[in-house]
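FYI, the working numbering numbers position 73 of the sequence shown as 185, with every residue one higher than the one before it.
Single-structure report; data block below.
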Amino acid sequence: MSARSEAPIVTVMSRRGIFAVCNMVATVLLPLSAVSAREFSVLTYNVENLFDADKEAIFEDYAETGAPNDYSPSKLVRKLQTIGKVLKSFNGGKGPEIACFNEFEMDFTPDSKVVDYDAFLGKYKSTTVEKMLTTGLNDEVRGLPVEALLLKYLSDEGMTGYHVAIGDDKPDFAALALDDRKIHKKGHKNAVFSKFPVTKKRSHPTPDARDILEVTLDAEGHPLHVFVNHWKSGAGDFNSEQSRRFNARTLRGRLDDILREDPSADIIVTGDFNSQYNQSQAYPFMGETGLNDILGSQGDESATASAPGFSLYNLWHELPAEQRRSDHFAGKWGTLMQQMITPGLYDSNGVQYGDNSFSVVMLDGVNTRTPLRLPRRWSNAGAGGGASDHFPVASRYRTVEENDKNARIKPEKPGTNNGQAEPLSVGFEALQPSQVGEFLADAAKNPAAHIGEIFLVRGTVAGRRPLAVEVSGAKFLLWSPDVDLRKRMQKFPTGSGVEFLAELDMHKGQFQFVVQAPQWLIKRPEAKSR
Numbered sequence: 113m114s115a116r117s118e119a120p121i122v123t124v125m126s127r128r129g130i131f132a133v134c135n136m137v138a139t140v141l142l143p144l145s146a147v148s149a150r151e152f153s154v155l156t157y158n159v160e161n162l163f164d165a166d167k168e169a170i171f172e173d174y175a176e177t178g179a180p181n182d183y184s185p186s187k188l189v190r191k192l193q194t195i196g197k198v199l200k201s202f203n204g205g206k207g208p209e210i211a212c213f214n215e216f217e218m219d220f221t222p223d224s225k226v227v228d229y230d231a232f233l234g235k236y237k238s239t240t241v242e243k244m245l246t247t248g249l250n251d252e253v254r255g256l257p258v259e260a261l262l263l264k265y266l267s268d269e270g271m272t273g274y275h276v277a278i279g280d281d282k283p284d285f286a287a288l289a290l291d292d293r294k295i296h297k298k299g300h301k302n303a304v305f306s307k308f309p310v311t312k313k314r315s316h317p318t319p320d321a322r323d324i325l326e327v328t329l330d331a332e333g334h335p336l337h338v339f340v341n342h343w344k345s346g347a348g349d350f351n352s353e354q355s356r357r358f359n360a361r362t363l364r365g366r367l368d369d370i371l372r373e374d375p376s377a378d379i380i381v382t383g384d385f386n387s388q389y390n391q392s393q394a395y396p397f398m399g400e401t402g403l404n405d406i407l408g409s410q411g412d413e414s415a416t417a418s419a420p421g422f423s424l425y426n427l428w429h430e431l432p433a434e435q436r437r438s439d440h441f442a443g444k445w446g447t448l449m450q451q452m453i454t455p456g457l458y459d460s461n462g463v464q465y466g467d468n469s470f471s472v473v474m475l476d477g478v479n480t481r482t483p484l485r486l487p488r489r490w491s492n493a494g495a496g497g498g499a500s501d502h503f504p505v506a507s508r509y510r511t512v513e514e515n516d517k518n519a520r521i522k523p524e525k526p527g528t529n530n531g532q533a534e535p536l537s538v539g540f541e542a543l544q545p546s547q548v549g550e551f552l553a554d555a556a557k558n559p560a561a562h563i564g565e566i567f568l569v570r571g572t573v574a575g576r577r578p579l580a581v582e583v584s585g586a587k588f589l590l591w592s593p594d595v596d597l598r599k600r601m602q603k604f605p606t607g608s609g610v611e612f613l614a615e616l617d618m619h620k621g622q623f624q625f626v627v628q629a630p631q632w633l634i635k636r637p638e639a640k641s642r
């Protein structure tokens, strides 16, 4: 099995329904309740470890050790190409007007920092990023930060006119030198690519997380404030919620400053919050949550739309509960990627939200591939492939010229706080063998090309410590996140036949089959007593 070679099919999940179109994200038409000057899209995208080629990285497998399954400049090219495909699905190939990114690598060789992006593009106008990172690779190119390389790649592909703003995060080399997992070691930063000019940028440090990036954009003469967040990881972890409370206070404090000065300010809050949109409902044991209780993210759209003030509407409530999904963990869908808006985006002054335009962007063959339509996460295996462990989310806006803060739009089918409290199941347990292909000899010879795919596997137990299986003459590790299932599989006698469904993955440089649910074990050899 392999990814499709034809043009990707884009699935847009929105309240208006699920539909597919080729080569572009369908434009959700905005109601003509005000005089429109310009419509535009805002994309939120965690690109999963977009690292440069300077051989300096917080993660060992991104430091270019020369191992075949480690990062390399050619894999960076493939990663840029995939990000480009996602952005090119907007506006007929021109890209979204505003793209908010998470997980750009912090620059560990800041001497090569790019200050003037126009001059940078001019310097390399006679070549392409692909050539720069292959036949034209030199120390200067290796030192370039990823935001410059992505900007150049987008320009190569006809997606031009972007202004770039990045967080001011700096490497803490002292912390990086310590072999202590309890110490937070920053390796990422946030970024904004905007076709509107950036008039102001601020970077807000916050505990155990990436700096919150604040930019003010000139949207056809109107100030638009955009905040890009990447909070402390561990959505379901009680201890890490304390850090997310601090992250929320950092953000809420700055929002309050802006809204006290102008209760009708146009503000978009976005990013990877490492929290569910309904964090307080999903994990009641957390007590006070950063997202819902401190930041004030909520789902009563009418409350936000009705009057100026400090309310913050989470756009996940634009979708039916069963469509809320951007990532998954432990067999459950998550909603870590989020966009929130303030009351000013519902008036007829400045910038206005396009009602019901929020969507999840899934492109078959690009960022999703399996029968369950899971995110196709990036892998350094082989030539490198995949996209990200998060789906991007997007929404539409327009500038208006009425200059009337008192005239407000009335949402059609306004979002409410009602909905699914428990995280949705991915559906591992319901997957049938007939829905997947068999893992055959061709795939066994080139497993790197199939990372993230789900297969029917028939093989022989090849070892118990570690548990391994042989398929078509190749040996693979065998693992399950289900502890009880893992213990049962570890008792399988060596040499016995086994049949199961599994997702192909890589662990510490070795390929492994991951049995995600007990129902995936089809043929169970008799366990060998210890």
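Every residue gets a Cβ at the ideal spot worked out from N, C-alpha and C, and that includes glycine.
For residue i, name the three-state secondary structure that DSSP assigns.
i    : result
E430 : helix
I521 : coil
H502 : coil
D596 : helix
V258 : helix
L144 : With a pLDDT of only 42 at L144, under the threshold of 50, the placement of this residue in the model should not be trusted, and no figure is reported.
N386 : coil
S315 : strand
V538 : coil
Y425 : strand
L155 : strand
A561 : helix
N530 : coil
T139 : Because T139 carries a pLDDT of 40, less than 50, the predicted location of this residue cannot be relied on, and no value is offered for it.
L305 : Contrary to the premise, residue 305 reads as Phe rather than Leu in this sequence. Here F305 sits in strand by DSSP.
K635 : strand
Q602 : coil
D284 : coil
F441 : strand
Y274 : coil
D405 : helix
Is the separation between the beta-carbon of residue i and that of residue j shorter than 7 Å?
i    : j    : result
Y229 : L263 : yes
S355 : P319 : yes
F220 : E160 : no
N479 : K187 : no
Q645 : V538 : Outside the displayed range of the chain (113 to 642) lies residue 645, so it cannot be described from this structure.
M398 : E430 : no
I379 : H337 : yes
P535 : W445 : yes
M449 : N426 : no
F470 : S507 : yes
F202 : P208 : yes
Y183 : E172 : no
D164 : M218 : no
G273 : K307 : yes
P487 : P420 : no
G333 : E413 : no
Leaving out the 5 sequence neighbours to the left and right, which residues in its chain are closer than 6 Å to residue i when beta-carbon positions are compared?
i    : result
T194 : A499
K525 : none
Y157 : F213, P504
G531 : A433
A556 : V583, S584, A586
R314 : E326
A519 : S460
T139 : Low confidence applies to T139: its pLDDT is 40, below 50, so where it sits in the model is not reliable enough to give any reading.
Q622 : L589
Only counting the same chain, and skipping five residues up and downstream in sequence, which positions put a Cβ closer than 8 Å to that of residue i?
i    : result
A533 : N390, Q393, A394
Ends of the alpha helix (DSSP H) at residue i?
i    : result
A553 : 553–557
L192 : 185–200
G234 : 229–235
M244 : 241–244
A417 : 413–418
A394 : 391–394
Tell me where the beta strand (DSSP E) around residue i begins and ends.
i    : result
M216 : Before going further, note that residue 216 is Phe rather than Met in the sequence given. Where F216 is concerned, the enclosing beta strand (DSSP E) stretches over 210–217.
E611 : 609–619
I370 : Run containing I370: none in the beta strand (DSSP E); it sits in the alpha helix (DSSP H), 350–373.
A586 : 586–591
A495 : Where A495 is concerned, there is no enclosing beta strand (DSSP E), given that its DSSP letter is neither H nor E.
S471 : 471–476
Q624 : 622–626
L543 : Element bounds for L543: n/a, residue is neither H nor E.
Tell me which same chain residues have a C-beta within less than 7 Å of the C-beta of residue i, skipping the five on either side of it?
i    : result
A580 : A574, K587, F588, L589, L590
G609 : T572, K635, P637
D166 : F220, T221, R254, G255
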